[in-house]
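What follows is one structure encoded as C-alpha cells, with my remarks underneath.
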Amino acid sequence: MRFDSYHPVINLIYFAAAIVCTIWFHHPVFLGISYVCAFVYSVKLDGKRAVIFNLCLIPLIFLYAAWYSYYNHFGVTNLRQNFIGNQITLESVVYGIVRGTTVAAVIMFFSCVFAVVSSDKVVYLFGRISPRLSLFLSILLRCVPRVKERARKIEISREGIGKGVRQGNILERFLHGLSLISIVITWTLEDFVESTVSMKSRGYSLRGRTAFSIYRFDNRDRSFVVMIFLCLTFVASAILLDQTEIYYNPEIIMNPVTPMSFVFYVAYAVLLLLPMGLQIAGEIRYKRKK
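Structure representation (C-alpha cells):
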C-alpha cells in the first residue's frame with residue numbers, strides 16, 4: 001500500500017522528521033543512511049527518472065566539496081597548496097562532502113514529497129491554519145507536473161514547424177531552447193496569477209471559511225504513528241548519548257562505535273525506510289491475493 005494513501009498528518013510527520021534529521025546529523029554513518037534511504041525511496045516512487053536525477057547529483061557533491069575546501073581553510077591535515085598558497089586540508093574536504101551529501105539527500109527527500117503529498121493534502125494541512133500559505137503551497141505543488149506537461153506539448157508543437165530543441169545546428173538549438181524556456185516561464189506566471197485570482201474570488205482567504213476533507217485517522221495511521229515515534233525515541237537516545245556528534249575542526253573527532261551504536265543505526269534506517277517497506281509489503285500481499 002502506497003504511503004500517499006495514509007493520512008496527510010502522517011505524511012507531514014514522516015517527511016518533517018526525515019528532512020530535519022538529515023539536516024541536523026553530520027555524522028557520516030547517519031548521513032550515509034539518510035542518503036541511501038532517500039535515494040532508494042525516490043527510485044521506488046519515480047523509477048528511472050529518479051535514478052538519472054540522483055546520479056546527476058553525485059558529481060555536484062564532489063564539485064561542491066572541491067569548491068568548499070578551496071576557499072575554507074581549517075584543519076590540521078594538509079593535503080596541498082592552492083595557487084595562492086593556502087592549504088587544502090583533509091578536514092575541509094570531508095566537511096565539504098558532508099555538506100554536499102546533506103543537500104543532495106534533502107533534495108531527494110523533497111522529490112519524494114512532490115510524489116506523495118498532493119495539493120489537496122496541502123490544503124487539508126494548512127487550510128485552517130494559514131489559508132494564504134495553503135494556497136501558495138498547493139499552487140506550487142500543482143505547478144510542477146503541469147509545467148512539465150505544458151513544456152512537452154509546446155516542444156511537440158514547435159517540432160512541427162522545425163523549431164524543436166533537437167532541430168538545426170548548435171546555435172539554432174540553443175535559440176530554440178531559449179524560446180521554449182521563455183514560453184514556459186510566461187505561461188507559468190500567467191497561470192499563477194489566474195489561479196490566485198480564481199481562488200480569491202471563491203473566498204479562499206476569508207475568515208471563518210470551513211474546509212471539507214475526505215481523510216480519516218484510522219487504526220492503520222495510529223499504528224504508523226506508534227512506529228515512527230518508537231524509532232524517534234531511539235534516535236533521541238542516540239542524540240542524548242552523543243552518538244550523532246562529530247567535529248571536523250580542527251580535526252575529525254567522534255565517539256567510538258559501540259554495539260549500542262548499531263542499534264541506533266538500525267532504528268534510524270527503519271525510520272527512513274518505513275514507508276517503502278510498507279509499500280513493498282502491500283504489493284507482495286496484493287500479488288498473493290491476486
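The opening position of the sequence shown corresponds to residue 1 in full-length UniProt numbering, with each subsequent residue numbered one higher. Beta carbons are placed, not taken as given, at the ideal position from N, Cα and C, and that holds for glycine. Quantities reported herein were computed from a predicted structural model and do not represent experimental measurements.
Check                                                                                                                                                                                : Outcome
Looking at Ala115 and Phe171, is the spacing between their C-beta atoms short of 8 Å?                                                                                                : In the sequence as displayed, the identity of residue 171 is Leu instead of Phe. No, these two residues do not count as a Cβ contact at 8 Å.
Can you give me the start and stop residues for the beta strand (DSSP E) that Ile183 sits inside?                                                                                    : Where Ile183 is concerned, there is no enclosing beta strand (DSSP E), although the alpha helix (DSSP H) it sits in stretches over Ile170 to Ser201.
Measuring straight from C-alpha to C-alpha, what distance separates Ile253 and Ser69?                                                                                                : 18 Å
Quick test of your reading: Tyr6 and Asp221, contact by CB under 8 Å. State the CB separation rounded to the nearest angstrom.                                                       : 6 Å
Evaluate the contact criterion for the segment 218-236 versus the segment 251-268: three or more CB pairs, one atom per stretch, below 8 Å.                                          : yes
Might you give, ordered along the chain, the residues of its own chain that have their beta carbon closer than 7 Å to the beta carbon of Trp187, omitting 5 neighbours on each side? : Arg150
Helix, strand or coil, according to DSSP, for Arg216 in the structure here?                                                                                                          : coil
Which parts of the segment 71-143 are runs of the beta strand (DSSP E), unbroken and 3 residues or longer, counting only runs that do not cross its ends?                            : 78-81 and 87-89
Within 10 Å of its beta-carbon, does Lys121 have 16 or more other beta-carbons around it, so buried, or fewer, so exposed?                                                           : buried
Give, in chain order, every unbroken run of the alpha helix (DSSP H) that is at least 4 residues long and sits entirely within the segment 14-69.                                    : 28-46
Which residues in the same chain have their Cβ closer than 8 Å to the Cβ of Phe25, if we skip the five residues on either side of it in sequence?                                    : Leu31, Ser34 and Thr244
Count Cβ pairs between the segment 105-119 and the segment 89-96 that sit closer than 8 Å; are there 3 or more?                                                                      : no
Is it the case that the Cβ atoms of Thr101 and Ile61 are separated by a distance below 8 Å?                                                                                          : yes
Under the DSSP definition of a beta bridge, which residues are partnered with Met254?                                                                                                : Ile246
Assuming contact is defined by CB atoms lying nearer than 8 Å, are Met276 and Val40 in contact in what I supplied?                                                                   : yes
Would you kindly work out how many angstroms separate the C-alpha atoms of Asn78 and Ile246, rounded to a whole number?                                                              : 20 Å
What would DSSP say about Val165, mapped onto helix, strand or coil?                                                                                                                 : coil
Can Phe110 and Gln279 be called in contact, C-beta distance under 8 Å?                                                                                                               : no
Can you tell me where the alpha helix (DSSP H) with Lys290 in it begins and where it stops?                                                                                          : Premise fails: Lys290 is in no alpha helix (DSSP H) and is neither H nor E.
Can you tell me the Cα-Cα spacing of Ser223 and Val29, whole angstroms?                                                                                                              : 28 Å
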